[in-house]
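Residues in the sequence shown are numbered consecutively from 6, following the working numbering.
Cβ atoms here follow ideal geometry from the backbone N, Cα and C, with glycine treated the same way.
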Amino acid sequence: MDTQEAYKELGLEPGASDAQIKATWRRLVAAWHPDRNSAADAGRRMQSINKAYQHIRQLRDGDGDAEAAPGPETGPGTPPHATHSRTVRLTLEEAILGCTRTLRGHFSHTCSDCHGKGQRVLAQACATCRGSGAVHKAALFGWMWNEEACADCGGDGRQRAPCEACTGSGECAVAYRRQVRFPAGVRAGHVLSLPTSRHGALEIGLELQVEIEPHAFFTLDEDSVLRCEMPVNGYAWMAGRWVDVPTPEGMQQMRLSRDALVYRLRGQGFPAVPRGPRGDYLVKVLPVFPTQEDPEQEALLDQLIARSSTVASADASQPLGQWQRQMKRRKAAKPA
Ligand SMILES: [Zn+2]
Ligand SMILES: [Zn+2]
């Protein structure tokens, strides 16, 4: 991708500010992320958007000469370079806490021995045309002979043999295995570029596109706030008991309060920026009460209400209490 194409991909002019570029890239990633966009080419668009963004970033940061990014055919002395792009799916916990992954894969590239032709040229003469480069073909009912270029040697009269390096396919596959550290706070759509490393005869740079697996109960919103909704025993909630709540690190005890449905666990959420301090984690509890009380529970609830009736009874100093006393007096005054 050249620089002009990169700006075009993002719909920007080369004079755009860094902030504009970043904002546009974020907007496009949000719009084209395959998790949110069901269009068939969403994944491909995402890749080109990320490639364009990375190209511009590299150009502006000055790290690595993006214009001169060498392809598989480089000059003598330097081993062939290539960049291999792939996606890596992380769990939300891995994205929150950071993780190390061993990535294995195959990178296929044009065979450097035969330059993709799949065969090599030998010194001896082509067996088909005996070195002449041409074959005779009968034409006009055998009255005349036409000369045609030999198909087996392409007309140069030299014998071919399948390339041993690529077993005649023209492509070589290089296996790679690399340990990659993903920083805490990496998000879906992020692209990690790893420096090249030697694999076989190639220097391979890895370009990793991060995907985050959807989680069963944690959600991460646009503002990097981690949330969870959790049903709790309604009576435990009323009574202010301790319950176990899931956190990215595992289960943790949390004290319920009947005044609160949302609880903020400070510093236990998602890092606002990669490698940055962790944000807050919001747990919303959903108190669950039995839809139908069994008789024993009904009796217990009645007891509970009877015992706490003094608290809720009308105070004589309050308007309701005064009104109740007035009504009593009126009733008493009325002749039956
Ligand atoms: Zn031939
Ligand atoms: Zn080959």
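Practice item. Select from Arg-125, Ser-313 and Gln-184 the residue whose C-alpha is nearest the C-alpha of Thr-105. Key: Gln-184
Check your understanding: When we look at the beta-carbon of Thr-172 and count the other beta-carbons within 10 Å, is it buried (16 or more) or exposed?
Key -> exposed
Exercise for review: Would you grab the beta carbon distance between His-220 and Ala-178 for me? Rounded to a whole angstrom, and I think it's under 8 Å.
Suggested key: Contact flag wrong, Cβ pair sits at about 35 Å.
Point to revise | Cβ-Cβ distance between Val-293 and Pro-251 below 8 Å | key: no
Review point. Cβ of Gly-175 versus every heavy atom of ligand 1: is any distance shorter than 7 Å?
Key: no
Point to revise | Proximity winner among Leu-108, Gly-159, Leu-197 and Val-230, relative to Arg-182 (alpha-carbon distances) | key: Leu-108
Review point. Apart from the five residues on each side of it in sequence, which residues of its chain come closer than 7 Å, Cβ to Cβ, to Gly-138?
Key: Ala-154, Cys-155, Cys-158, Gly-160, Asp-161 and Gly-162
Review point. For ligand 1, which residues count as neighbours when the test is a C-beta closer than 5 Å to any heavy atom?
Key: Cys-131, Thr-133, Cys-134, Cys-155, Asp-157 and Cys-158
Point to revise | Those runs of the alpha helix (DSSP H) which lie wholly inside the region 187-252 and span at least 4 residues | key: 239-243
Point to revise | Gly-255 (DSSP reduced to helix, strand or coil) | key: strand
**Study point:** Within-8 Å CB hit, Glu-18 to chain C
**Key:** Of the protein chains in this structure there is only one, and it is not chain C.
Review point. Does the beta-carbon distance from Gly-274 to Val-230 come in below 8 Å?
Key: yes
Exercise for review: Figure out for me which residue from Glu-208, Met-256 and Ala-166 has the closest Cα to the Cα of Ala-180.
Suggested key: Glu-208
Review point. In this structure, what does DSSP give as the bridge partners for Glu-153?
Key: Val-140
Check your understanding: What residues match up with Cys-177 in a beta bridge as DSSP calls it?
Key -> His-114
Review point. Exposed or buried, what is Lys-142 when buried is set at 16 or more other beta-carbons lying within 10 Å of its beta-carbon?
Key: exposed
Practice item. Would you list the residues whose beta-carbon is nearer than 5 Å to any heavy atom of ligand 2, in the order they occur in the chain? Key: Cys-116, Asp-118, Cys-119, Cys-168, Ala-170 and Cys-171
Exercise for review: Quick one: which unbroken beta strand (DSSP E) runs of 3-plus residues sit fully inside the region 256-298? Chain order, please.
Suggested key: 267-270 and 286-293
Check your understanding: Helix, strand or coil: how does DSSP classify Ala-166 here?
Key -> strand
Point to revise | Beta-carbon contacts of Thr-343 that lie in its chain and below 7 Å, excluding the five residues immediately before and after | key: Residue 343 is absent from the model: the chain starts at 6 and stops at 341.
**Study point:** C-alpha gap between Pro-167 and Gln-59, whole angstroms
**Key:** 40 Å
Practice item. Put Ser-53 into one of helix, strand or coil per three-state DSSP. Key: helix
Check your understanding: Helix, strand or coil: which one does DSSP assign to Arg-135?
Key -> coil
Review point. Can we count Trp-328 as close to ligand 4, meaning its CB is less than 7 Å from some heavy atom?
Key: What this structure holds is ligand 1 and ligand 2, not ligand 4.
Point to revise | Chain-order list of residues whose beta-carbon lies under 6 Å from that of Ala-304 (same chain, five-residue window excluded) | key: none
Exercise for review: Sort out for me which residues DSSP pairs Cys-104 with in a bridge.
Suggested key: Phe-187
Review point. Mapping DSSP to helix, strand and coil, what is Ala-87?
Key: strand
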